[in-house]
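**Student:** As you go down the protein sequences, you meet chains U and D in turn. In terms of this note's numbering, the first sequence has 46 at position 22, counting the first letter as 1, and numbering is strictly consecutive. In terms of this note's numbering, the second sequence has 78 at position 54, counting the first letter as 1, and numbering is strictly consecutive. Structure incoming, see below.
Protein chains: 2
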Amino acid sequence: MLLFMSLRDRKRARTRQALIDAATDLFERQGYDETTIADIAAAAEIGARTFFSYFASKEELLFPESDGRVRAAIDAIATRSPDERPADVLLRALGEINDTSEEMVSPLAALRLRLIQTVPAVRGRALQLQLDAQREIAKHLAEAFPGQLDLVRAAALTGAFVGAVSGALQALLDSADRADPAALQAAMRTATEVALTPWRRST
Amino acid sequence: MLLFMSLRDRKRARTRQALIDAATDLFERQGYDETTIADIAAAAEIGARTFFSYFASKEELLFPESDGRVRAAIDAIATRSPDERPADVLLRALGEINDTSEEMVSPLAALRLRLIQTVPAVRGRALQLQLDAQREIAKHLAEAFPGQLDLVRAAALTGAFVGAVSGALQALLDSADRADPAALQAAMRTATEVALTPWRRST
DNA sequence: TGCGGATTTGCACTCACTGCCGACCTGCGT
DNA sequence: ACGCAGGTCGGCAGTGAGTGCAAATCCGCA
């Protein structure tokens, strides 16, 4: 994998990771708003100007590889069995996303979840990404069930699923210990459980 | 109404409206990003600094009285009849919101819809407001059905509902000829149907 | 008419982000 | 081994949002 990258690309990837590490460390220690881009760049030993050739904005730093879950969902759609209905596919997709996310306990993920709750700019960005993901999933879902699902219906279904899960998650997180990674994962599981139960069996 | 306000308050309200008018005009004419706060303030004939004593940010200008729809929904919840289930109440709330919003044709609302689709910062703010509204509605819904709906379940239901509607709406606006009331109505219907059917039998 | 509290506003400042351009580095061909 | 070309880095200067502060101004009320 890494061997196939040129020296340039490897160095670039290393710098990118250094930026993420430095930023999470600083955010953790002094808070998001109190950490400037100059701080992060200095900690990663690059020029402040160069930061923006790695990330388009300060928030972007918190969402590297944001498309992993979308790909998982699209895979789940692609590998559907003939007797599965749209809702079944989405159910399986969300389940697989949950399983695949041991990433959920990474320090970055925990920090991200906390910042989403507390920093408006971060929450805004997260919601936008979620919406983009929804649109992408809905598109593939509609293509997977031609004739049965038009785009609007697919979008409604996807929106209902994602909305239910994130709504439940938000409610859980409002009254939970947000510093404990284990609690976060448990909340995640509970949220999908509660949100998706009404869809299990029939319809 | 206006008569009961002091001179100070009336002047304040007038200035506020002048800001909104000036801003919509400028946004319409030269675009959102190309319009500076200084421009808006100058057009409304106040100091640039004073702008921020009326609106906390540039985006806030586009969402005055954003709580109207939330209040309508809460009213709908409060005035439920004993035989209505949670899903029924949400459905009725949506209907009443739609009725009450002849605001939908105001120039501000049209501009806002366009900016939500094109300016990331505006979309982010809109999504945040939607999430806050969801939380508020879910809270009241849970309180209206004690024993039957806990907070997490109410949040899941509300999230599914809102997610479905906004997802369908987004899909419609993305692809189709916009502003066709009939298509909009149809989209709403399929969205609510998709979102609520699974909840009908159990809850 | 004049007082007291609130509103307005200019000023200076921080920070995110951008365009520009020269300095530097790396992969490639000779 | 060497130098060239294209990409990367990073300093500099600038814009615009947003904030704290303190003086000026205004309004309601006595």
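For glycine and all other residues, C-beta sits at the position ideal for the given N, C-alpha and C.
CA-CA distance, F185 (chain D) and I70 (chain D)?
**Tutor:** Sequence index remark: in the second sequence, residue 185 (chain D) carries index 161 (1-based). Sequence index remark: in the second sequence, residue 70 (chain D) carries index 46 (1-based). Those two C-alpha atoms are separated by around 42 Å.
**Student:** With a cut-off of 8 Å, does the C-beta of Q209 (chain D) fall near any C-beta of chain U?
**Tutor:** Here residue 209 (chain D) refers to the residue found at position 185 when the second sequence is read from its first residue. So, not an interface residue.
**Student:** Taking all protein chains shown into account, do 16 or more other C-beta atoms lie within 10 angstroms of the C-beta of F75 (chain U), making it buried, or fewer, making it exposed?
**Tutor:** Indexing the first sequence from 1 puts residue 75 (chain U) at position 51. Label assigned to F75 (chain U): buried.
**Student:** Under a Cβ-count criterion, where at least 16 other Cβ atoms within 10 Å of its own Cβ denotes burial, should G183 (chain D) be classed as buried or exposed?
**Tutor:** For the purposes of this step, residue 183 (chain D) is taken as the residue at position 159 of the second sequence. Buried, because 16 or more other Cβ atoms sit within 10 Å of the Cβ of G183 (chain D).
**Student:** Flag P17 (chain U) as yes if its beta-carbon sits less than 8 Å from any beta-carbon of chain D, otherwise no.
**Tutor:** Nothing about residue 17 (chain U) can be read from this structure; chain U reaches only from 25 to 227.
**Student:** Is there a Cβ of chain U sitting closer than 8 Å to that of R177 (chain D), yes or no?
**Tutor:** Counted from its first residue, the second sequence places residue 177 (chain D) at position 153. With 8 Å as the cut-off, R177 (chain D) counts as an interface residue toward chain U.
**Student:** Out of D:E89, D:R149, D:L181, D:S30, which one is the CA nearest neighbour of H164 (chain D)?
**Tutor:** Residue numbering aside, residue 164 (chain D) sits at position 140 when the second sequence is read from its first letter. Nearest option by C-alpha distance: D:L181.
**Student:** Are the beta-carbon atoms of V176 (chain U) and A219 (chain U) separated by less than 8 Å?
**Tutor:** Here residue 176 (chain U) refers to the residue found at position 152 of the first sequence. Here residue 219 (chain U) refers to the residue found at position 195 of the first sequence. No, Cβ-Cβ distance for V176 (chain U) and A219 (chain U) is not below 8 Å.
**Student:** Give a yes or no on whether the C-beta atoms belonging to A211 (chain U) and L196 (chain U) are separated by under 8 Å.
**Tutor:** Numbered from 1 along the first sequence, position 187 holds the residue referred to as residue 211 (chain U). Numbered from 1 along the first sequence, position 172 holds the residue referred to as residue 196 (chain U). The answer is yes: Cβ separation under 8 Å.
**Student:** Can you list, in chain order, the residues of the segment 91–105 of chain D whose Cβ is nearer than 7 Å to any Cβ on chain U?
**Tutor:** Against chain U - using a Cβ distance shorter than 7 Å - the segment 91–105 of chain D contributes no residues.
**Student:** Tell me, please, whether the CB atom of P88 (chain U) is closer than 8 Å to any CB atom in chain D?
**Tutor:** Numbered from its first residue, the first sequence carries residue 88 (chain U) at position 64. Not an interface residue.
**Student:** Have a look at F169 (chain D) and P110 (chain D) and give me their C-alpha separation to the nearest angstrom.
**Tutor:** For this step, residue 169 (chain D) is matched to residue 145 along the second sequence. For this step, residue 110 (chain D) is matched to residue 86 along the second sequence. Going by the C-alpha atoms only, they are around 8 Å apart.
**Student:** Could you give the DSSP three-state label for T103 (chain U): helix, strand or coil?
**Tutor:** Along the first sequence, read from residue 1 onward, the residue named residue 103 (chain U) stands at position 79. The answer is coil: DSSP assigns T103 (chain U) none of H, G, I, E or B.
**Student:** What did DSSP end up calling E52 (chain U) once you bin it into helix, strand or coil?
**Tutor:** Residue numbering aside, residue 52 (chain U) sits at position 28 when the first sequence is read from its first letter. DSSP places E52 (chain U) in helix when its eight states are reduced to three.
**Student:** Please return the same chain residues whose Cβ sits closer than 7 Å to the Cβ of A145 (chain D), not counting the five positions on each side in sequence.
**Tutor:** Stepping through the second sequence from its first residue, residue 145 (chain D) is reached at position 121. Cβ neighbours of A145 (chain D) beyond the five flanking positions: E83.
**Student:** Please confirm whether R40 (chain U) has its beta-carbon closer than 8 Å to some beta-carbon of chain D.
**Tutor:** To locate residue 40 (chain U), count along the first sequence from 1; it is residue 16. No, R40 (chain U) does not count as interfacial toward chain D.
**Student:** Which full runs of the alpha helix (DSSP H) of 4+ residues lie inside the segment 171–203 of chain D, going along the chain?
**Tutor:** The qualifying runs are 175–199.
**Student:** Under 8 Å by Cβ, that's how I've got I121 (chain D) and A96 (chain D) pegged, so tell me the actual separation to the nearest angstrom.
**Tutor:** Here the question's residue 121 (chain D) lines up with position 97 in the second sequence. Here the question's residue 96 (chain D) lines up with position 72 in the second sequence. About 5 Å; that satisfies the 8 Å criterion.
**Student:** Is the Cβ of T182 (chain U) closer than 8 Å to any Cβ of chain D?
**Tutor:** Residue numbering aside, residue 182 (chain U) sits at position 158 when the first sequence is read from its first letter. Answer yes: the Cβ-Cβ gap between T182 (chain U) and chain D drops below 8 Å somewhere.
**Student:** Where in the segment 131–177 of chain U do unbroken runs of the alpha helix (DSSP H), each at least 4 residues long, occur, reported from the N-terminal end onward?
**Tutor:** Fully enclosed alpha helix (DSSP H) runs of 4 or longer: 131–142, 144–168.
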